[in-house]
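So for the sequence shown, this note's numbering puts the first residue at 54; every next one is plus one.
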Amino acid sequence: MRLIQLTDLHIAEAGISPYDIDVRGNFIEALEQLRTISFDLLVISGDLCYDVGTLSTYQYIKETLADYGYPYTVIPGNHDDAAMMREVFGEAIPTLSQG
54 MRLIQLTDLH IAEAGISPYD IDVRGNFIEA LEQLRTISFD LLVISGDLCY DVGTLSTYQY
114 IKETLADYGY PYTVIPGNHD DAAMMREVFG EAIPTLSQG
């Protein structure tokens, strides 16, 4: 199985560019680059959101990923809201068991 990992996207709300960085544009550019690579699963690990998790940012990420059709999973980071992510992404979030 061939995995691709994108991490620490830190995507902010629409119209906000943290530290003058177009994080949404960078996300699109990364997804475009993946068109040239053969892989089985895209793993997007936290932090998906810039400062705190927001529904609109998670929805933007999900809709953008749907446009590309890549198989993916998302993993929350410390800036993310796992419950909110599960609400938006559903089964794309793995349930990690502790034991």
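Glycine residues also receive a C-beta, built at the ideal position from the N, C-alpha and C atoms.
* Starting from residue 109, trace the alpha helix (DSSP H) both ways and give me its first and last residue. => Within the sequence shown, the letter at position 56 stands for residue 109. According to the DSSP assignment, residue 109 belongs to the alpha helix (DSSP H) that extends over 108 to 121.
* Asked: What residue from 146, 89, 100 has the CA that sits closest to residue 62's CA?
  -> Mapped onto the sequence shown, residue 62 falls at position 9. The option with the nearest alpha carbon to residue 62 is 100.
* Asked: Residues in its own chain within less than 6 Å of residue 106 by CB, not counting five upstream and five downstream?
  -> For the purposes of this step, residue 106 is taken as residue 53 along the sequence shown, with counting starting at 1. If you ignore the 5 residues before and after residue 106, its C-beta comes within less than 6 Å of the C-beta of 133, 134, 137, all in its own chain and listed in chain order.
* To do: Inspect the beta-carbon positions of residue 103 and residue 71 and report whether they are closer than 8 Å.
  => Locating residue 103 in the sequence shown gives position 50, counting from the first residue. Locating residue 71 in the sequence shown gives position 18, counting from the first residue. In this structure, the beta-carbon distance from residue 103 to residue 71 falls below 8 Å.
* Asked: Thinking just about the alpha-carbon of each residue, which of 87, 130, 73 is nearest to the one in residue 123?
  -> Start at 1 with the first residue of the sequence shown, and residue 123 comes out as number 70. Checking every option, the nearest Cα to that of residue 123 belongs to 87.
* Throw me the rounded Cβ distance for the residue 55 and residue 91 pair, which I believe falls under 8 Å. => As a first step, residue 55 must be located in the sequence shown, where it is residue number 2. As a first step, residue 91 must be located in the sequence shown, where it is residue number 38. Rounded, the Cβ-Cβ distance is 7 Å, consistent with contact.
* Could you tell me which of 144, 127, 146 sits nearest to residue 96, measuring between CA atoms? => Taking the first residue of the sequence shown as 1, we reach residue 96 at position 43. Measuring from the Cα of residue 96, the nearest candidate turns out to be 127.
* Asked: What residue does the beta strand (DSSP E) around residue 57 start on, and which one ends it?
  -> If you number the sequence shown from 1, residue 57 lands on position 4. Where residue 57 is concerned, the enclosing beta strand (DSSP E) stretches over 56 to 60.
* To do: Kindly give me the distance between the Cβ atoms of residue 80 and residue 117, rounded to whole angstroms, as I take these residues to be in contact under 8 Å.
  => Working through the sequence shown from its first residue, we reach residue 80 at position 27. Working through the sequence shown from its first residue, we reach residue 117 at position 64. Correct: roughly 7 Å between the Cβ atoms.
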